[in-house]
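Read through the structure below, which is laid out as structure tokens, and then see the notes.
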Amino acid sequence: MNPSIRRRVLLPLVRAGAVAAGLTAAFAPGAAFAGKVFVTNERDHTMTVIDSDSLKTLETVKTGRRPRGLTASPDGKLIYVCASDDNRVEVYDSSTYKMLRTLPSGPDPELFVLHPSGNPLYIANEDDALVTIVDTDTGKVQGEIPVGVEPEGMGISPDGKVLVNTSETTSMAHFIDTSTKQIVENVLVDSRPRYAEFTPDGKTVWVSAEVGGTVSVIDIAGHQVVKRLTFQIPGVTEDAIQPVGIRITKDGSTAFVALGPANRVAVVDTKTYEVKKYLLVGQRVWQLAFSPDEKTLYSSNGNSNDISVIDVASEKVTKSVTTGRSPWGVVAVP
Amino acid sequence: MIRFAGPAALAMLVAVAAPAFAQAPNPAPAGAETAQAGPKTPLPSRDTPRAAQPGPKSAPKDPDWPCVQPKVATLGYGQMWAGPALDDAIKSWRGDEAREDLVALLIARRTPIEQAKAAIGDYAAKAGLDANQKLTLLFAGVFDEINDQRSRVVTGIERFARKQRTLADRIKTESIRISQTQRDMAAQMSEDGQKEQQTLDWDTRIYDERSQSLTYVCETPVILEQRAFDLAREIQGRMN
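Here you go:
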């Protein structure tokens with residue numbers, strides 16, 4: 004291309020880009036540096052709110068009994084918490100930390116997933132072998148889907164059409180069509196599946212098996228296990244490797260897998276399925292969450308009562324921050 | 040009152056003996072999926088035994104392990120150590136008196152963790168040029184000793200569980216026998232009858248009290264592991 008033409012074409016584009024960036028910065032509530040990390044403390048019946056910049060605790064919020072799974076609305080303004088022993092989901096304002104309302108959840112809610120649009124909420128009821136669908140606006144139960152025994156892991160495809168629930172005792176991943184609310188297929192995975200995470204292209208779902216010690220990568224179209232990942236860490240016994248939480252970067256290149264009492268987070272290349280690193284975090288690491296800009300990953304460490312802060316680019320643990328007792332879930336909002 | 044202890048002990052035993060994984064009876068919705076083109080692989084009935092597991096760890100639950108925490112017989116140093124392999128250091132950390140003394144101080148549960156961390160700081164400050172090597176050996180000692188202590192605790196918990204099971208069996212047999220032999224007031228009020236009932240009451244009480252201490256007993260390996268992890272973090276923080 005002629006350089007002058009290229010300048011003429013590119014300059015307006017660059018300017019438009021700069022304006023757009025400026026607008027985003029101006030309108031982003033609180034900007035990137037003032038983000039917050041929410042952590043549920045299962046044994047304290049509280050939720051710790053941490054400033055993502057200073058890593059200081061801003062507030063410890065009293066929640067319902069045994070708070071476990073938590074997630075944020077797509078705009079980051081609402082925080083949903085599974086109060087497992089109170090059999091309800093609590094909705095908090097992420098800036099005032101006030102409880103706004105509660106949602107019916109069915110008995111013993113453990114984990115849930117929000118539809119990408121922010122409504123409805125799909126909840127796994129551990130004691131009842133059900134997935135409960137709740138409208139987040141009206142608080143009405145839209146339906147219940149019978150699944151395997153002890154359902155826990157919940158993942159939803161980026162287009163919101165496929166829901167995957169895993170059941171710990173039946174050891175299956177249940178593929179559910181969100182429009183018909185029916186199970187389309189059940190796929191046997193390794194023992195005690197805990198978590199389901201879709202790749203951003205929506206083509207595969209990664210399911211962790213805590214007792215099996217593996218992660219199954221399942222093809223969405225054919226419902227076939229295309230890869231079974233295993234983990235070996237020098238100086239760690241096999242039975243301590245218990246995969247739970249999974250997070251995959253938006254570009255789909257890297258997966259992070261929390262390995263429970265191995266106290267490590269595996270960094271996996273999603274193309275080659277090769278484990279690049281095993282980051283030493285805290286004790287009994289279960290859940291993971293990216294910061295909204297995806298530069299940072301947080302891990303909740305249930306036995307060392309802290310979260311670890313991981314720099315995603317350098318794949319290094321930079322800090323640990325004390326929380327309440329038995330931190331379970333973690334989510335970060337702008 | 041005395042008669043009541045028998046059935047009560049029985050009821051308790053039934054509760055204990057019931058398999059922990061028994062599910063609440065949950066009526067399966069009939070043919071909800073099958074009406075349409077249902078899944079190729081159906082949901083197994085909730086009453087069927089678990090499907091065979093392709094995973095490497097399909098071993099049944101260990102009946103001698105009474106804790107909710109999964110049994111981890113020994114710790115691996117990789118659970119708390121990101122540095123170089125420790126296999127050699129674990130064999131060679133002994134032999135330096137100062138180090139052995141420091142290890143003993145660090146692992147003692149009566150040493151407050153803050154004091155332990157300060158002692159690690161002092162040691163690192165005086166370690167000089169080969170600080171990394173010295174700190175590696177120090178951690179090898181801490182790990183080796185705590186792991187050993189913890190393994191003994193785990194063995195103790197298993198022994199505890201076996202004793203409880205034996206006691207439970209004895210209470211069960213005795214209470215059935217007493218309910219069969221002491222059918223009338225005379226038998227109950229006889230000297231032998233009273234003695235038998237008293238023994239049964241005591242056994243039940245011991246069983247109950249031991250059961251109540253189980254939560255604490257099961258926490259012990261966790262507490263030891265936490266200490267090892269905490270010390271490992273401190274020692275690694277002093278390395279460069």
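So the protein lines, in turn, are chains A and B. Residue 127 in our numbering is what sits at position 124 of the first sequence, and the numbering runs on without skipping anything. Residue 146 in our numbering is what sits at position 107 of the second sequence, and the numbering runs on without skipping anything. Using N, Cα and C, we set each Cβ at its ideal position, and we do this for glycine too.
- Item | Sequence-distant residues of its chain with Cβ nearer than 8 Å to A:F30 (five each side left out) | Summary for A:F30: the model assigns pLDDT 43, below 50, so the residue's position carries little reliability; its value from the coordinates is reported in the next sentence. Around A:F30, the same chain offers no residue with a beta carbon nearer than 8 Å, after the five sequence neighbours per side are excluded.
- Item | Neighbour list for A:V187 in chain B, Cβ cutoff strictly below 7 Å | The answer, in chain order, is P78.
- Message: Any beta carbon of chain B sitting closer than 9 Å to that of A:A199?
- Response: Not an interface residue.
- Going straight from the alpha carbon of A:T74 to that of B:R216, what length do you get? The alpha-carbon atoms of A:T74 and B:R216 are separated by roughly 57 Å.
- Task: Under 6 Å Cβ to Cβ from A:A292, same chain only, skipping five residues before and after it: list those, please.
- Result: Cβ neighbours of A:A292 beyond the five flanking positions: Y301, V333, V334, A335.
- Item | Proximal residues to A:T299 (C-beta, below 8 Å), its chain only, five neighbours per side dropped | Taking C-beta separations shorter than 8 Å and ignoring five residues to either side along the sequence, the partners of A:T299 in its chain run S55, F293, V312, I313, D314, V315, A335, following chain order.
- Task: Determine contact between the stretch 54-70 of chain A and the stretch 80-90 of chain A, defined as no fewer than three beta-carbon pairs at a distance below 8 Å.
- Result: Enough Cβ pairs lie closer than 8 Å, so yes.
- Task: Pair every Cβ in the stretch 183-190 of chain A with every Cβ in the stretch 219-233 of chain A, then say whether three or more of these pairs are closer than 8 Å.
- Result: Yes, they touch.
- Message: Less than 9 Å between CB atoms is the rule here; does A:N44 satisfy it with respect to chain B?
- Response: Answer no: the Cβ-Cβ gap between A:N44 and chain B never drops below 9 Å.
- Item | Cα-Cα separation between A:T273 and A:S256, rounded to whole angstroms | Their Cα atoms are separated by approximately 5 Å.
- Query: Would DSSP call A:V165 helix, strand or coil?
  - Reply: Residue state, collapsed to three classes: strand.
- Task: Classify A:R267 as buried or exposed, calling it buried when 16 or more other Cβ atoms lie within 10 Å of its own Cβ.
- Result: Only buried fits A:R267, as 16 or more other CB atoms lie within 10 angstroms of its CB.
- Message: Is there a C-beta anywhere in chain B that falls below 9 Å from the one on A:L283?
- Response: A Cβ of chain B is located within less than 9 Å of the beta carbon of A:L283.
- Are the CB atoms of B:F178 and B:Q275 nearer to each other than 9 Å? Less than 9 Å divides the Cβ of B:F178 from the Cβ of B:Q275.
- Rounded C-alpha distance that separates B:G77 from A:I186: Approximately 7 Å between the Cα atoms of the pair.
- Where A:G305 meets chain B, residues with beta-carbon distance less than 9 Å: Going along chain B, no residue has its Cβ under 9 Å from A:G305, so there is no contact; the nearest lies around 10 Å.
- Query: Hey, would you say A:V134 sits closer than 9 Å to A:I82, going by beta carbons?
  - Reply: No. Outside cutoff.
- Message: Helix, strand or coil for B:K110? Go by DSSP, reduced to three states.
- Response: It is coil, neither helix nor strand.
- Query: Between which two residues does the alpha helix (DSSP H) harbouring B:P260 extend?
  - Reply: Taken as a continuous stretch (DSSP letters only), the alpha helix (DSSP H) holding B:P260 covers 253-276.
- Mind checking B:M224: buried by the 16 CB within 10 Å criterion, or exposed? By the C-beta density criterion, B:M224 is exposed, having fewer than 16 other C-beta atoms within 10 angstroms.
- Query: From what residue to what residue does the beta strand (DSSP E) around A:L114 run?
  - Reply: Going by DSSP, A:L114 is part of the beta strand (DSSP E) stretching over 112-117.
- Please list, in chain order, all residues of the same chain as B:A128 whose beta carbon is under 6 Å from its beta carbon, the five residues on each side excluded. In the same chain as B:A128, and ignoring 5 residues on each side of it, the C-beta atoms closer than 6 Å to its own belong to T175, L176, A179, in chain order.
- DSSP beta-bridge partners for B:I159? In the DSSP assignment, no residue is bridged to B:I159.
- Task: Please classify B:S252: is it buried, with 16 or more other beta-carbons within 10 angstroms of its beta-carbon, or exposed?
- Result: Exposed is the call here.
- Message: Which residue marks the beginning of the beta strand (DSSP E) containing A:T141, and which one marks its end?
- Response: Premise fails: A:T141 is in no beta strand (DSSP E) and is neither H nor E.
- Message: Given this structure, state the Cα-to-Cα distance separating B:E213 from B:Y246, to the nearest angstrom.
- Response: Computed Cα separation, rounded: 14 Å.
- Can you tell me which of A:V288, A:D204, A:G263 puts its alpha carbon nearest to the alpha carbon of A:D254? Per the Cα distances, A:D204.
- Reference A:S182; option with closest CA among A:G163, A:S174, A:R231, A:D138: It is A:G163.
- Any Cβ of chain A within less than 9 Å of the Cβ of B:F268? So yes, B:F268 belongs to the interface.
- Item | Where A:D130 falls: helix, strand or coil (DSSP) | Coil.
- Item | Cβ-Cβ distance between A:P123 and A:T105 below 9 Å | Judged by beta-carbon spacing, A:T105 lies beyond the 9 Å limit of A:P123, meaning their Cβ atoms are not closer than that value.
- Task: Tell me whether A:D193 sits in a helix, a strand or coil according to DSSP, three-state version.
- Result: In the structure shown, A:D193 sits in coil (DSSP, three-state: anything other than H, G, I, E or B).
- Message: Give me the chain A residues within the contact set of B:Y116, using Cβ-Cβ distance strictly less than 7 Å, ordered along the chain.
- Response: Going along chain A in sequence order, the residues near B:Y116 (Cβ under 7 Å) are G238.
- Can you grab the Cα-Cα spacing for the pair A:S323 / A:G38, in whole Å? Counting only the Cα atoms, A:G38 lies some 17 Å from A:S323.
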